[in-house]
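Okay, so here's the structure we're looking at.
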Amino acid sequence: MPNFILNSNAQSNGDHEVHNTTTGCTFMPAVSNQIDLGWHLDCSGAVAEAKRRYPNNRINGCYYCARACHTSSLGLKLVAVPASKATVKFIIPQMTDSADSPARLPSQPAPVAH
Ligand SMILES: [Zn+2]
4 MPNFILNSNA
14 QSNGDHEVHN
24 TTTGCTFMPA
34 VSNQIDLGWH
44 LDCSGAVAEA
54 KRRYPNNRIN
64 GCYYCARACH
74 TSSLGLKLVA
84 VPASKATVKF
94 IIPQMTDSAD
104 SPARLPSQPA
114 PVAH
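Counting from 4, one number per residue, gives the positions in the sequence shown under the working numbering.
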């Protein structure tokens, strides 16, 4: 049965990742940051053990060596910050234009008296 460890350092998204030490994963944390989870049949057993020990932390399987237990979307991390900054840049000039626009509106034509 494979042996699993938990990274004591959180990822940038707040997840603590579970790694399978028997796969030679290149994303394995330094030994000083490895919390031994013991032998498990598969990653789901190791993740369950980590959640039992650390119920207040977000536990996730490593994308590379415990992919069956990896749940976070990698795309979400890349999109979140740049998209909101880009939106702000585009909105500000539009607001400046619309503030001037009432003066440029054509006046209502006067009703014609018969
Ligand atoms: Zn890994």
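Ideal placement from N, C-alpha and C gives every residue a C-beta, glycine not left out.
Small disclaimer: the values here were computed from a predicted structure and weren't measured.
{"query": "Between G64 and V34, how many whole angstroms is the CB-CB distance? I'm expecting something under 8 angstroms.", "result": "At roughly 20 angstroms, the Cβ-Cβ gap does not stay under 8 angstroms, so G64 and V34 are not in contact."}
{"query": "Tell me the DSSP secondary structure of D45 in three-state form.", "result": "coil"}
{"query": "Could you tell me if I95 is buried or exposed, where buried requires 16 or more neighbouring beta carbons within 10 angstroms of its beta carbon?", "result": "Note that I95 scores 45 on pLDDT, short of 50, meaning its location in the model is unreliable; the coordinates nonetheless yield the value given after this. Looking at its Cβ environment, which holds fewer than 16 other Cβ atoms inside 10 Å, I95 is exposed."}
{"query": "Could you pull the start and end residues of the beta strand (DSSP E) that H22 belongs to?", "result": "D18 to N23"}
{"query": "Does any CB atom of chain B fall closer than 7 angstroms to the CB of Q14?", "result": "Of the protein chains in this structure there is only one, and it is not chain B."}
{"query": "Should V50 be labelled buried (16 or more other beta-carbon atoms within 10 Å of its own) or exposed?", "result": "buried"}
{"query": "Label N23 either buried or exposed according to how many other C-beta atoms from any shown protein chain fall within 10 Å of its C-beta, with 16 as the threshold for buried.", "result": "buried"}
{"query": "Quick one: is the Cβ of C72 within less than 6 angstroms of any heavy atom of ligand 1?", "result": "no"}
{"query": "Would you kindly work out how many angstroms separate the C-alpha atoms of D45 and N12, rounded to a whole number?", "result": "22 angstroms"}
{"query": "I'd like to confirm something about F7: is its beta-carbon nearer than 6 angstroms to some heavy atom of ligand 1, or not?", "result": "no"}
{"query": "Do C46 and ligand 1 come close, with the Cβ less than 6 angstroms from some heavy atom?", "result": "no"}
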